[in-house]
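Take a look at the structure below.
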Ligand code: ATP
Ligand code: MG
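In the working numbering, the protein residues as written are 1465 to 2153.
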């Protein structure tokens, strides 16, 4: 590819930025206008035209994935050997290279258990924090380090920044101090130290700095609106007073202020480098005019002082974004899953869709709904629900309680489960913690588990802890089925820079968006920008939804996000009827078909008879079903019980359902299983008759 070919793939303004191969260059532009594309092409053009050797260029992007993507794109443009890294990865490499000469020996080891170290530091400050409080402490320490504050600055700085630390600020400062001491005593460093150490070496060691600056001449930073003071300090050390720097960003997409990032370096770039080439891009190549219109409406209401950029859509028209209100969260999740399924049926690849939410804990409901609908998914930037530490811990406790037979709580399964989590984990259904962050996430995860218990208790009135644990294990196994091509589940933060054909922005109620803890006007504005980031991820289909109650039967007192006021009146649709699993709509007493007694336990209900009544199952059919199940499980790469449990197979072999209605009448066979296996099972049954 010639340098001219590279430029030909850009529009005139993009080309102006790309052909300015010597910095300083600043691209200030809205979402989807081709900023990332422009810097990639600029790097390729600089190398191919001979202006900069590839090894002299260092590109910094926000995530390791983005860095990998940039290297791939450069290779496709015929350019290899350019370093594209995160700040951390770049610093780590440099330190490993220089340290032996400057200090001697190997550089400090990277802390491998930061969590444990913070726990120790907290103990020194006479605290006994729980796991989520440790995570919140860690966020405070990281914020302080990223903002270049030491323990002595913490109290004042934290107050000024409106931080909400998990403990008194003076105590957090003590933990911070102890954490530093511990790292030093053990000769280890964390990621933030790496940045600071690298900057320090370059600032203080003239010969190292000279060697480094001989090697690297040209720098480019993507997503510059979210740079932290610590990262900026490293960047300054790299530059060493030179100005061959290209930065791109969108102040309206600043969404990491809570970690110490600030758009001021982007906005004040021209003050710092008055001769900088400044380019503004307004053509949005990513999204339809309908999506772009909504994005413009969302951000117009922002009070941020950054210049307003009105995006101009370049793509052909598409469907209007839809706004959908639901009665409760499970209904919302089920509707989103059903819509994903419909889009897949109409030809959209699952990997071209994303469900985006405000906090990672919201993934639980969507994981369950997509699993029920048989739609594959992948989680980005968060842990799968059943991998979360608190969820594993709770299941362990529930299993223990089930074994001990603690589930004869008269009030029912939901209360029994709540009691186990209250006793073992200090969780209470009606007391969500005040602080944002890890403590709240933990509470939400346990609340999601509790909701599963509520659902099961409602659908199968006799179910106890044992059935709950079995249900959880079944779900966990089903959700662990490895997928490559799945719908992305991600937080809005993790969605930055990415794009999909279809995007679902979910859970848009006040309290979640903006988050209830966004107290100051600045914090509320950051939440609005987060919504803007979400809206601008969609190429074509965009659906925004919310639920009036958390759980079915709730009071419905929640209101849609205030950010949607005035945006959705015209297009608001009523809650779609949601196809729920058949078993959910059909609770009620079940009698033993042999003796007529009422059946309470889930397994009995599944069998349709008392366990003590004689089985009248068709042995030949039962064996055929088992063989079929083994084959299917192997094909799906799942354990056999994820296809059907033994109890379900026995029930089928006994009841020999002749049609769909009879099949779904067997408890445990819901919509998802019916869709996946219904025809095959009915064929097996009829083959035996
Ligand atoms: P964000 O702010 O979300 O990071 P961005 O400004 O970095 O967005 P890109 O991701 O570079 O935008 O581009 C958005 C989409 O538009 C990409 O699919 C890209 O390939 C396409 N695009 C950008 N510029 C052009 C162009 N000149 N011609 C054709 N397609 C383009
Ligand atoms: Mg980008």
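Think of the CB as a built atom: it goes at the ideal place given N, C-alpha and C, for glycine as much as any other residue.
Take the Cβ of residue 1662 as the centre, count every other Cβ of all protein chains shown within 10 Å, and call the residue buried at 16 or more, exposed below. buried
Given a threshold of 16 other Cβ atoms within 10 Å of its Cβ, counted over all protein chains shown, does residue 2098 qualify as buried or as exposed? exposed
What is the C-beta distance between residue 2114 and residue 2086, in whole angstroms, given that I count them as a contact (C-beta under 8 Å)? 7 Å
Beta-ladder partner(s) of residue 1952, from DSSP: 1818 and 1842
Nearest by alpha-carbon distance to residue 2022: which of 1991, 1998 and 1972 is it? 1972
Kindly examine the ligand MG and report whether one of its heavy atoms sits closer than 7 Å to the Cβ of residue 1686. yes
According to DSSP, is residue 1964 part of a helix, a strand, or is it coil? strand
Shortest alpha-carbon distance to residue 2010 belongs to which of 1974, 1781 and 2004? 1974
To which residues of the same chain is residue 1815 closer than 6 Å at the C-beta, ignoring the five residues directly before and after it? 1949
Excluding sequence positions up to five away, which residues of its chain have a Cβ less than 8 Å from the Cβ of residue 1518? 1511, 1543, 1544, 1545 and 1546
Proximity test, residue 1717 beta-carbon vs the ligand ATP heavy atom, cut-off 7 Å: yes
Put residue 2036 into one of helix, strand or coil per three-state DSSP. Reliability of the predicted coordinates at residue 2036 is poor, the pLDDT of 45 falling under 50, and the value obtained from them is presented with this limitation in mind. Of the three classes helix, strand and coil, the one that applies to residue 2036 here is strand, per DSSP.
Less than 8 Å between the beta carbons of residue 2072 and residue 1792, yes or no? no
Where residue 1811 falls: helix, strand or coil (DSSP): coil
Mind checking who residue 1789 pairs with in its DSSP beta bridge? 2010
What is the C-beta distance between residue 1658 and residue 1555, in whole angstroms, given that I count them as a contact (C-beta under 8 Å)? 5 Å
Once you ignore the five residues that flank residue 1724 on each side, which residues in its own chain have a CB closer than 6 Å to its CB? 1607, 1610, 1611 and 1692
Contact set for residue 1976: own chain, Cβ-Cβ below 6 Å, skip 5 residues either direction: 1822
Other residues of its chain near residue 1897: CB distance less than 8 Å, five sequence neighbours each side excluded: 1903, 1904 and 1907
For residue 1530, report the span of its alpha helix (DSSP H) as first-last. 1528–1540
What do you reckon, is the C-beta of residue 1998 under 7 Å from a heavy atom of the ligand MG? no
Ignore the nearest five residues each way along the sequence and tell me which others in residue 2150's own chain have a CB closer than 8 Å to its CB. 2122
Span separating the alpha-carbon of residue 1867 from that of residue 2102: 26 Å
Quick check: the Cα distance between residue 1930 and residue 1863, rounded to an integer number of angstroms? 7 Å
Neighbourhood of residue 1660 by C-beta, 7 Å cutoff - its chain only, sequence neighbours within 5 removed: 1694
Residue 2124 (DSSP reduced to helix, strand or coil): helix
Using the C-alpha atoms, what's the distance from residue 1721 back to residue 2052? Annotation note: pLDDT 44 at residue 2052 (below 50); position unreliable, no value reported.
For residue 1745, write down the residues that DSSP places opposite it in a beta bridge. 1493
Please name the residue in 2095, 2112 and 2096 whose C-alpha comes closest to that of residue 2081. 2112
For residue 1632 and residue 1614, I'd like the C-alpha separation in whole angstroms. 17 Å
7 Å Cβ shell around residue 1623 - same chain, five flanking residues per side excluded: 1633
For residue 1559, which residues of its own chain have a beta-carbon under 8 Å away from its beta-carbon, when the five flanking residues on both sides are left out? 1571, 1658, 1661, 1662 and 1665
Counting beta carbon pairs with one atom in the stretch 1792–1808 and one in the stretch 1836–1852, are three or more of them shorter than 8 Å? yes
Pull up the CB-CB distance for residue 1538 and residue 1507, whole angstroms please, since I reckon it's below 8 Å. 6 Å
Could you tell me which residues DSSP pairs with residue 1979 in its beta bridges? 1975 and 1976
Looking at residue 1500 and the ligand MN, is the gap between the Cβ and the nearest heavy atom below 7 Å? Absence of the ligand MN from the depicted structure is noted, with the ligand ATP and the ligand MG being the only ligands included.
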